[in-house]
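Student:
Residue numbers (this note's numbering): 3 to 135.
#1: Is residue 110 buried or exposed, if buried means 16 or more other CB atoms sit within 10 Å of its CB?
#2: Counting only runs of 4+ residues fully inside the region 62 to 116, write out the alpha helix (DSSP H) ranges in chain order.
#3: Pick out whichever of 48, 60, 100, 8 has its Cα sitting closest to the Cα of residue 86.
#4: What does a CB cutoff of less than 7 angstroms around residue 46 pick up in its chain, not counting 5 residues either side in sequence?
#5: Reducing DSSP to helix, strand and coil, say where residue 59 ends up.
#6: Ends of the alpha helix (DSSP H) at residue 17?
#7: Do the region 64 to 77 and the region 103 to 119 touch if we need at least three Cβ pairs shorter than 8 angstroms?
#8: Among the candidates 97, 105, 72, 66, whose CA atom is the shortest distance from the CA of residue 90?
#9: Could you check the C-alpha separation between residue 118 and residue 56 for me, to the nearest Å?
#10: Quick check: the Cα distance between residue 52 and residue 44, rounded to an integer number of angstroms?
#11: Label residue 81 either buried or exposed according to how many other C-beta atoms from any shown protein chain fall within 10 Å of its C-beta, with 16 as the threshold for buried.
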């Protein structure tokens, strides 16, 4: 059954996907691990917000902001720095069906993967002038 979820039900839906969820603030905040990423979520009367850690050093935050700004699907997303970790924050609408929440959450996870830095191969040296390799 695809039922509509209010922010409290959406928060419990997310908690069921986290490893070792930890509740605080009278069951309005949950945090835990989602695979290799840390996750935090909080419910408000205006909807749910979910933050996922990014695998990107804080010194590269400007590049992540540009990528995020260039992605129309991420218009409700933001980046914030907490300690030495970058977090991708998404605000969800008040009432979503389970399927909509699942799809939007998967999209947020995909954005976090897109914004992660990847190891790049060393640049290939240019040939010496007058010599062809």
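For every residue, glycine included, the Cβ atom is placed at its ideal position computed from N, Cα and C.
Tutor: According to the structure shown:
#1: buried
#2: 63 to 71
#3: 60
#4: 9
#5: coil
#6: 9 to 17
#7: yes
#8: 66
#9: 6 angstroms
#10: 7 angstroms
#11: buried
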